[in-house]
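A.B. asks: Handing you a structure now.
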Amino acid sequence: MVCALLCNLEANTNFFDEAHREARSSQQGKRSTHPAEMEISDDEDAISMGSEDQEDFIIEQDSIPADPPCSYRFVLIEGIPNQAEVQNHWAKKWNLTVTSNWDIIDIENKLFIEVKVTTLSDTAANTFRSKAVGMEANSVLVIVNPSTGKIKYYPRQLKAQREDKVTSFILARCQVMRELGISDHQIHEEEDIISSIFCNNEFMIEFETWMNSFLRHKELLAPPNMKKTSSSSSSSLLKPFCLEQLEKNLADPLNHASQPVLWKGKILPEGWVLNNYWDDATDINMINRYCRLMYESTRNGKTCLYKSEKEDSLFELFDDLCQEVETGKVMENFKFKQNLRDEDDANPLKKSLGVDRKGKVHSSKFSPDMVQKESKPIVKRYLHRWFTDVIDDLVKDSPTSMHPFPNLELGETVPDHPISKASRKAISTIFSMFKKTKAASMTSKYINLGSRLGGSYLNSSSVKNPHSFTSMMPIYATVHNESTARAVSGIMIRGPQHARSPTDKINLVAMETASDVFIQGKMWRFLPNCVVVKGEKNSFVIRKTAVN
1 MVCALLCNLE ANTNFFDEAH REARSSQQGK RSTHPAEMEI SDDEDAISMG SEDQEDFIIE
61 QDSIPADPPC SYRFVLIEGI PNQAEVQNHW AKKWNLTVTS NWDIIDIENK LFIEVKVTTL
121 SDTAANTFRS KAVGMEANSV LVIVNPSTGK IKYYPRQLKA QREDKVTSFI LARCQVMREL
181 GISDHQIHEE EDIISSIFCN NEFMIEFETW MNSFLRHKEL LAPPNMKKTS SSSSSSLLKP
241 FCLEQLEKNL ADPLNHASQP VLWKGKILPE GWVLNNYWDD ATDINMINRY CRLMYESTRN
301 GKTCLYKSEK EDSLFELFDD LCQEVETGKV MENFKFKQNL RDEDDANPLK KSLGVDRKGK
361 VHSSKFSPDM VQKESKPIVK RYLHRWFTDV IDDLVKDSPT SMHPFPNLEL GETVPDHPIS
421 KASRKAISTI FSMFKKTKAA SMTSKYINLG SRLGGSYLNS SSVKNPHSFT SMMPIYATVH
481 NESTARAVSG IMIRGPQHAR SPTDKINLVA METASDVFIQ GKMWRFLPNC VVVKGEKNSF
541 VIRKTAVN
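In terms of UniProt numbering, the sequence shown opens at residue 1 and continues consecutively.
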């Protein structure tokens, strides 16, 4: 395709001169061959000298040469059925000896052209030099970069009129291949990949020594260090097996799983949530503003798009929060709810956080016949396509110009060691790329949420009340540009807790704004214990989760 676009039916500027020259030589040949017709020919020639139209007529009708000149500058060789015939014709005409196949012939400049779409320009140039031996003055190499569409010529400059068409095609091709997950990497073009990667001679010597240490035993029937055993015990070392048994043991058991993996993160990934960029600097302002957003989005009506089994309390909790906003109540963050254990068991917040919902009380009494209850087997789940989509989306750049971690690539000290300087430059480059991604925003949210769960919101309990208060905290990332803002995607309610050991859990309820990708893809199918509410302006995901 690149060869065809380079040719592009470009006209041969020397065509008319060659046509006139070959027509006149043909006429002269006729005069010398037929003396009887010389008088007529001379008269016709005299007449044609005074009429330009008549001369054109003679060229077109009576003086067509046996080898007519080409009206186009380029002749496409690549892909035609009679490549050798066409190539040899022009080589013979220019007194050249051609020993290999070329892609294009430039009639105007008498050049044979080789076209390469590659990132290995040096390798292509070396191959071209060996191919063009004996015809260096009549050959050109065209190198097209498959990623940028940039065109280079070697060893002389050659200007084609439609290079822009080639560049446009290469860029469109690159975009399609990127969407299909195909990349034009130079490693794919290497003929000897091992030599190109393992190019250190000392390493290869050690590599060959290591390989030969066990490859030299490949013809042995048994390992040389195998201990001699009796015939009775040898059967336990080498047991016969059938191919069906081997295939069964090698099969991945997850391939037979019937259920996909679920998202069990404490917050939803960036592609599933909608961020609100606010300049509020305090938690209580962000909490009340987000609760106001929930109320305004659903005050004219709301629809429950999805509800997990036995999760009515989550929908009721969302409704109660909206009603409290309607009454003008200001939400508290540290002490959102006090004495929740004294509330009625039907309280949706109490049910959602699992307060007083402990089903068993373990006794300290010991019995000789006590046995541990058989646990249920873990449900095997297969890796669904949605998980790969989430990872691919997280590595994409954030849609805004505001990013977290403004000082991430700045080091604490100035390195003075050569390795430290090189490493510092590489790490700074990685950090500068990372902070622009959606993964960086999600990381900032986890940092802000974790500092509150394990620090500032971890208020101490008293002897009378061994549990801490129920708290509410925002889910947000701190982003910067010329100013600082908060990308708020939801709120988190932490239940009363008195966690002391690593096995103790802190129950949480997360309320987050759902994105269009989440709603259109029905991603709630991959969330446990959740409710999805659709309002007039926004949709919200309410989930149960916990941390140890």
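All residues carry an ideal CB built from backbone N, CA and C; glycine is no exception.
What span of residues does the alpha helix (DSSP H) with Ser471 cover, start to end?
C.D. replies: It is not in any alpha helix (DSSP H) - Ser471 instead sits in the beta strand (DSSP E) that spans Ser471 to His480.
A.B. asks: Go to Asn288, then tell me how far its alpha helix (DSSP H) extends in each direction, as first and last residue.
C.D. replies: That run of the alpha helix (DSSP H) goes Asp283 to Thr298.
A.B. asks: Measuring CA to CA, which of Ile519, Asn288, Gly455 and Ser308 is closest to Glu324?
C.D. replies: Taking only the C-alpha atoms, the option nearest Glu324 is Asn288.
A.B. asks: Per the contact definition of three or more C-beta pairs closer than 8 Å, is the stretch 147–164 in contact with the stretch 113–132?
C.D. replies: Yes, the stretch 113–132 is in contact with the stretch 147–164.
A.B. asks: Quick check on His256: does DSSP put it in helix, strand or coil?
C.D. replies: Note: His256 maps to helix in three-state DSSP.
A.B. asks: Any contact of the stretch 516–527 with the stretch 255–272, i.e. 3+ C-beta pairs under 8 Å?
C.D. replies: Touching, yes.
A.B. asks: What are the start and end residues of each continuous beta strand (DSSP E) run of 3 or more residues lying completely inside the stretch 136–213, in chain order?
C.D. replies: Taking only runs of at least 3 residues, the beta strand (DSSP E) segments lying wholly in the stretch 136–213 are 139–144 and 151–154.
A.B. asks: For Tyr382, which of Ser258, Tyr277, Phe334 and Gly354 has the nearest alpha-carbon?
C.D. replies: It is Ser258 whose Cα lies nearest to the Cα of Tyr382.
A.B. asks: Given a threshold of 16 other Cβ atoms within 10 Å of its Cβ, counted over all protein chains shown, does Tyr277 qualify as buried or as exposed?
C.D. replies: Classification for Tyr277: exposed.
A.B. asks: I want to see whether chain D comes within less than 8 Å of Ser195, judged by CB atoms only; does it?
C.D. replies: No chain D appears in the structure shown, which is made up of a single protein chain.
A.B. asks: For the stretch 393–451, which segments carrying the alpha helix (DSSP H) assignment without a break, of at least 4 residues, lie completely within its bounds, in sequence order?
C.D. replies: Within the stretch 393–451, the complete alpha helix (DSSP H) runs of at least 4 residues are 418–434 and 438–451.
A.B. asks: Within 10 Å of its beta-carbon, does Lys544 have 16 or more other beta-carbons around it, so buried, or fewer, so exposed?
C.D. replies: Looking at its Cβ environment, which holds 16 or more other Cβ atoms inside 10 Å, Lys544 is buried.
A.B. asks: Between which residues of its own chain and Pro35 is the CB-CB distance below 6 Å, once the five residues before and five after are set aside?
C.D. replies: Here the model assigns Pro35 a pLDDT of 41, short of 50, so the residue's position is not dependable, and the following value carries that caveat. Cβ neighbours of Pro35 beyond the five flanking positions: none.
A.B. asks: Nearest-angstrom Cα distance between Ala422 and Ile197?
C.D. replies: The straight-line gap from Cα to Cα measures roughly 21 Å.
A.B. asks: Between which two residues does the beta strand (DSSP E) carrying Phe112 extend?
C.D. replies: Run containing Phe112: Leu111 to Val117, per the beta strand (DSSP E) assignment.
A.B. asks: Can you give me the Cβ contacts of Pro474 inside the same chain, cut-off strictly under 7 Å, excluding the 5 residues immediately before and after it?
C.D. replies: Correct list, in chain order: Asp283, Met286, Ile287, Tyr290, Val488 and Ile491.
A.B. asks: Can you say whether Lys351 is buried or exposed, counting buried as having 16 or more other CB atoms within 10 angstroms of its CB?
C.D. replies: It is buried - the Cβ of Lys351 has at least 16 other Cβ atoms within 10 Å.
A.B. asks: Might you give, ordered along the chain, the residues of its own chain that have their beta carbon closer than 6 Å to the beta carbon of Phe431, omitting 5 neighbours on each side?
C.D. replies: Only Leu408 and Glu409 meet the Cβ criterion.
A.B. asks: Spell out the partners DSSP gives Leu508 in its beta bridges.
C.D. replies: In DSSP, Leu508 forms a bridge with Arg494 and Thr545.
A.B. asks: Report yes if the C-beta distance between Asn481 and Ser428 is below 8 Å; otherwise report no.
C.D. replies: No, Cβ-Cβ distance for Asn481 and Ser428 is not below 8 Å.
A.B. asks: How would you call Phe112, buried or exposed, if buried means at least 16 neighbouring beta carbons within 10 angstroms?
C.D. replies: Phe112 comes out buried.
A.B. asks: Below 8 Å, how does it come out for the stretch 307–319 and the stretch 432–448: are there three or more Cβ pairs, yes or no?
C.D. replies: No, because fewer than three Cβ pairs between the stretch 307–319 and the stretch 432–448 fall closer than 8 Å, the two stretches do not touch.
A.B. asks: Going by Cα to Cα distance, which pick from Val115, Val479 and Asn249 is closest to Ile143?
C.D. replies: Among Val115, Val479 and Asn249, the Cα nearest to that of Ile143 is on Val115.
A.B. asks: Can you name, in chain order, every residue of its own chain whose Cβ lies under 7 Å from the Cβ of residue 579, other than the five neighbours on each side?
C.D. replies: Only positions 1 to 548 of the chain appear in this structure, which leaves residue 579 out of reach.
A.B. asks: Does the beta-carbon distance from Ser471 to Asn249 come in below 8 Å?
C.D. replies: No, these two residues do not count as a Cβ contact at 8 Å.
A.B. asks: Looking at the unbroken beta strand (DSSP E) that takes in Phe336, where does it start and where does it end?
C.D. replies: Phe336 -> no beta strand (DSSP E), and no H or E assigned at all.
A.B. asks: Would you decide whether Gly535 is buried or exposed? Buried here means 16 or more other CB atoms lie within 10 Å of its CB.
C.D. replies: Buried, since its Cβ has 16 or more Cβ neighbours within 10 Å.
A.B. asks: Kindly indicate the opening and closing residues of the beta strand (DSSP E) around Asn82.
C.D. replies: Premise fails: Asn82 is in no beta strand (DSSP E) and is neither H nor E.
A.B. asks: Going by the CB atoms, is the gap between Ile506 and Val479 shorter than 8 Å?
C.D. replies: No, Cβ-Cβ distance for Val479 and Ile506 is not below 8 Å.
A.B. asks: Kindly identify the DSSP beta-bridge partner or partners of Tyr72.
C.D. replies: Paired residues: Ala11.
A.B. asks: Taking the alpha-carbon positions, what's the Pro253 to Lys380 distance?
C.D. replies: Going by the C-alpha atoms only, they are around 8 Å apart.
A.B. asks: What's the C-alpha gap between Pro418 and Gly271?
C.D. replies: Rounded to the nearest angstrom, the two C-alpha atoms are 40 Å apart.
A.B. asks: Go ahead and pull the three-state DSSP assignment for Ala132.
C.D. replies: Coil.
A.B. asks: Can you grab the Cα-Cα spacing for the pair Ile391 / Ile104, in whole Å?
C.D. replies: Cα to Cα, Ile391 sits roughly 45 Å from Ile104.
A.B. asks: Which class does Asp103 belong to by DSSP, given the choice of helix, strand or coil?
C.D. replies: Residue state, collapsed to three classes: coil.
A.B. asks: Within 10 angstroms of its Cβ, does Pro496 collect 16 or more other Cβ (buried), or is it exposed?
C.D. replies: Counting Cβ neighbours within 10 Å, Pro496 comes out buried, since at least 16 surround it.
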